[in-house]
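Before any comments, here is the structure.
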Amino acid sequence: MKIFYRPEIDGLRAIAVFAVVLYHAQITVLGHQPFKGGFIGVDIFFVISGYLITSIILKELIATGSFSFKYFYERRVRRILPALLLIMLVSLPFAWMYLIPSHFENFSWSILYSLGFSSNFYFYNSGQEYGAIDGLLKPFLHTWSLSVEEQFYILFPIALLFTFKYFRKYLIHILILGFIISLGLAEWGSRNYPRFNFYVLPTRGWELLAGSMLAYLEITLGHRSKHKILNLILPSAGFILIGYSIFFFNDEMFHPSFYTLSPIIGVCLIIWFSQKDEIITKLLSTKLFVGVGLISYSLYLWHYPIFAFARIKDFTFSNNSKFECIVLILVLSILSYLFLEKPFRNKLISFSKISLILISSAFLIILFNISIIYYEGVKLKSRIHPFLWKYDNERKNLKLSFNYKNFDHRKNVFIVGNSYSDDLLNLFNNNKNLNKEYYFYVAKSENDEERMQFECFYFFLKENNQKCQRGNFTLLKEQYDKSDYIIFHFRRNWYYLTSWFPEITQFLMDDKKRFIVLLDDVSGAGILDTYLMTNNKLPLNNELIELEKLFYNLAQIWDKQSFDKAKKILDENDIKYLARSKLYCDYDKKRCPLIINGDKIYSDEGHLTNNGAKYFSNQGKKIINRLIN
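Residue numbers (this note's numbering): 22 to 650.
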């Protein structure tokens, strides 16, 4: 069965990719970002992918009674890998020039996971919130969606072939059931595990299956809608639903969830009811929309690294710079489509030759990035400014006074968190006056190299030792029982958005424990390190002031999504909290200091140096006052 070309599908791709590009560009008009819902462009792509992939597989199954996995995956390789590998290769020298060692190492991990079709899991496990400002500085964050699609390409053909052979008459019922289950998981996950929900195939599958169901109905019926009135009205309704989502959705909504049905239904209406003479079909079939749709894959791949490196080079990243980048992205996308994508899809070029080129390129990329990881982000003195080198190993050499059982007449303050809890302990230990009255300690055992993680603390409270293999629960119980106060301090505010946190707080309240949450919104300190990397010199006094003002502005909006959501949850439950910027920034001067007396305050994006812990040690009193009053 022949697959007919539908230009309006490319038009839909054009809308999807421009929605995503404008969302990531963060274009502002009169102080407002009009494309806050542009992230739904990815959801549009998912529906289109589900529709096209299912059409290809089903038509081959019906026509031949079998399915060629070899041919199917050869087409996917020709389609996906050439442009992806090119952009990885092009990005490497810019990463070398601009990325500090820790960021370079993370960059390399993201590339390796992307090549393994699993970058969505990498970004989830690294704690990355999509839409958070720090994510805009990660050149390959956008590959999470490619990984979801690639996982779909691997699993779905097998499942569809099995169902077609043995349960053919129930195929549509199974597709509908899969759609309902996946949508239900997405709705539940958006409220309980929002980050995991965002990144994974099980909660994105319903969007792909929406397209699959359309493909099945079209093939089995032999046509799409023949209702003339609906064909005239519903594509426009679908267009309005998509437009509404782009302009009125935002990062604070639950997504994907029932709310996401709006753009998904919109795409489905256009795919199913579009006809040659209908106005939306005509619009989407124009040369402009079709042209952008044809280069949409290259456009999607190019846009994020270019925006990321531009932001790293210049944190101000004005609208003019954004438009210049968009022009560059368009030019590169056209070139890569014409001279890379099209030639590699040409069947006249043997797949063995293409495979040799792709395998060689992938091998070089893998080898290079493994080397970057092995050498911890390439800490060459020739690459890194001496001021960075000076503090490079400070966190490794951080010596804190961990007296795990040194309980005495003082009030015991138990600090629970990740590496930021070490920072807080260091800050408190530098305040001699506080140490006379309070004994500070972190959730860490004498035999463990790392502190007790948040999950282990949760399982400890649930009395479920089996769920956490690491950690000394006997010691943790003593630390908890002896505590008079508890401070929660993490790098990411999403810890407070998990389904676990309400349980933990209720447990503490029942136990009559007094506690406070320290919210993280000061993770922009890496701007100094980036300045040193890109300029290879210390900032002059006026430049330092500008950096500190910029840091202040970032502190107000950093991780805004999770900060606002976390604050709302804490307020609703009458839980005490304090923002780090209230401790580390000068709100009168609207600056957050980065260098004091010739020494760095932060060792990276937010961890304090020993100098920083000493400098801010007096601020420990603010935390204690907020905790006890």
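A virtual CB, placed ideally from N, CA and C, is assigned to each residue, including glycine.
Query	Result
Bridge partners of Asp607, per DSSP?	Arg612
Express the C-alpha separation of Val38 and Leu136 in angstroms, rounding to a whole number.	22 Å
For Met572, I'd like the list of residues in its chain whose CB is within less than 7 Å of its CB, leaving aside the five on either flank, ordered along the chain.	It is worth fixing the name first, because residue 572 is Phe in this sequence and not Met. So the list reads Gly545, Ala546, Ile548, Cys613 and Leu615, once near-sequence residues are dropped.
Could you please give me the residues that DSSP links to Tyr598 through a beta bridge?	Val538
Could you pull out every residue in the same chain whose Cβ sits closer than 7 Å to the Cβ of Lys297, ignoring the five residues on either side in sequence?	none
Smallest Cα separation from Ser168: which of Tyr94, Arg189, Asp625 and Ser139?	Ser139
Following the continuous beta strand (DSSP E) through Lys432, name the residue where it begins and the one where it ends.	Lys432 to Gly438
Are Glu228 and Asp64 close, meaning C-beta to C-beta below 7 Å?	yes
Count the other C-beta atoms from every protein chain shown that fall within 10 angstroms of the C-beta of Thr307, then say buried if there are 16 or more, exposed otherwise.	exposed
Could you say which of Asp443, His248, Ile525 and Val41 lies nearest to Phe480 if we only look at CA atoms?	Ile525
Expressed to the nearest angstrom, what Euclidean distance is found between the alpha-carbon atoms of Leu262 and Cys289?	11 Å
For Ser624, which of Phe128, Lys635, Asp550 and Gly641 has the nearest alpha-carbon?	Asp550
Quickly, what does DSSP pair Asp64 with across the bridge? List them, please.	Asp64 pairs with nothing; no bridge assigned.
Taking only runs of the alpha helix (DSSP H) that begin and end inside the segment 335-386, which ones reach a length of at least 4 residues, in chain order?	340-357 and 363-366
Once the 5 residues before and after Asn639 are set aside, which same chain residues still bring their CB inside 8 Å of it?	Asn452
I'd like to check one pair, Gly641 with Leu455: are the Cβ atoms closer than 7 Å?	yes
Rounded to whole angstroms, what is the Cα-Cα separation between Ile370 and Pro103?	13 Å
In chain order, what are the residue ranges of uninterrupted beta strand (DSSP E) at least 3 long that sit wholly in the segment 520-574?	535-540
Use the C-beta contact count for Asn562: other C-beta atoms within 10 angstroms, 16 or more gives buried, fewer gives exposed.	exposed
Ile301: buried (16+ other C-beta within 10 angstroms of its C-beta) or exposed?	buried
Can you list the alpha helix (DSSP H) stretches of 4 or more residues lying completely in the segment 42-91, in chain order?	61-85
Starting from His510, trace the beta strand (DSSP E) both ways and give me its first and last residue.	Tyr506 to His510
Return yes when the Cβ of Ala587 is within less than 7 Å of the Cβ of Tyr636, no when it is not.	no
Quick check: the Cα distance between Ser422 and Gly398, rounded to an integer number of angstroms?	Low confidence applies to Ser422: its pLDDT is 48, below 50, so where it sits in the model is not reliable enough to give any reading.
Quick check: what's the CA-CA separation for Phe142 versus Val221?	7 Å
Assuming Tyr119 and Phe330 are in contact, meaning their beta carbons sit under 8 Å apart, how far apart are those beta carbons, in whole angstroms?	6 Å
Name the DSSP bridge partner or partners of Tyr187?	For Tyr187, which the question treats as bridged, DSSP gives no partner whatsoever.
Looking at C-alpha atoms only, which residue of Glu499, Leu604, Cys346 and Ile285 is the closest neighbour of Val68?	Ile285
Exposed or buried, Ile83, counting other C-beta atoms within 10 Å across all chains shown (16 or more means buried)?	exposed
Count the CB pairs spanning the segment 86-106 and the segment 375-388 that are closer than 8 Å, and state whether there are at least three.	yes
For Phe408, which residues of its own chain have a beta-carbon under 8 Å away from its beta-carbon, when the five flanking residues on both sides are left out?	Leu553, Leu559 and Lys621
Go ahead and pull the three-state DSSP assignment for Asp620.	strand
Is the CB-CB distance between Gly58 and Ile267 below 7 Å?	yes
How would you call Gly314, buried or exposed, if buried means at least 16 neighbouring beta carbons within 10 angstroms?	buried
Assign Lys114 to one of two classes, buried (16 or more other C-beta atoms within 10 Å of its C-beta) or exposed (fewer than that).	Here residue 114 turns out to be Pro, not Lys, going by the sequence shown. Flag for Pro114 reads exposed.
Over the uninterrupted beta strand (DSSP E) stretch that includes Tyr459, give me the two end residues.	Tyr459 to Val463
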